[in-house]
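Working notes, beginning with the structure itself.
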Amino acid sequence: MELRYAYWCNRKLSEVIVGWETDLDYLKKKGYMIYLCCDNAELYNAVKSYWMQEWIITVVSELPEFSELLHHEYARENMRV
């Protein structure tokens with residue numbers, strides 16, 4: 117089975133959970149809708165708007181490229197201040 121990127125949003129808590137589809141299966145089993153992405157860039161672009169609104173981003177899988185993109189974006193935003 118090919119690993120696919122996935123995320124889930126909780127609008128009430130302003131939180132996004134990000135990880136591999138298999139790591140978010142527990143949410144799917146509870147009946148929640150998870151969103152699938154074909155690559156790291158698509159995942160980053162999908163989650164970026166939530167991050168810009170200061171939502172909590174929780175990464176539950178080992179996603180070093182995704183985490184690095186968020187870190188660089190955070191550093192770039194803080195340099196502007």
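Here the sequence shown stands for residues 117 to 197, where the numbers follow the numbering used here.
No residue lacks a Cβ here, since even glycine has one placed at the ideal position from N, Cα and C.
(request) Return the CA-CA distance between Ala162 and Lys146, expressed in angstroms with no decimal places. (result) About 23 Å.
(message) Judging by CA-CA distance, which residue of Leu185, Glu178, Glu184 and His187 is the nearest neighbour of Trp136?
(response) That would be Glu178, whose Cα lies nearest to the Cα of Trp136.
(request) Compare the beta carbon distance of Cys125 and Tyr160 with 8 Å and say whether it is the shorter of the two. (result) No. Outside cutoff.
(message) Determine whether the beta carbon atoms of Val132 and Tyr123 lie at a separation below 8 Å.
(response) Cβ distance < 8 Å, so Val132 and Tyr123 count as in contact.
(message) Does Val176 come out as helix, strand or coil in the three-state DSSP assignment?
(response) Coil at Val176, not helix or strand.
(request) Compare the beta carbon distance of Leu119 and Thr138 with 8 Å and say whether it is the shorter of the two. (result) It is a contact, given that the beta carbons lie within the stated cut-off.
(request) Figure out for me which residue from Glu189, Pro180, Ala157 and Met149 has the closest Cα to the Cα of Arg127. (result) It is Met149 whose Cα lies nearest to the Cα of Arg127.
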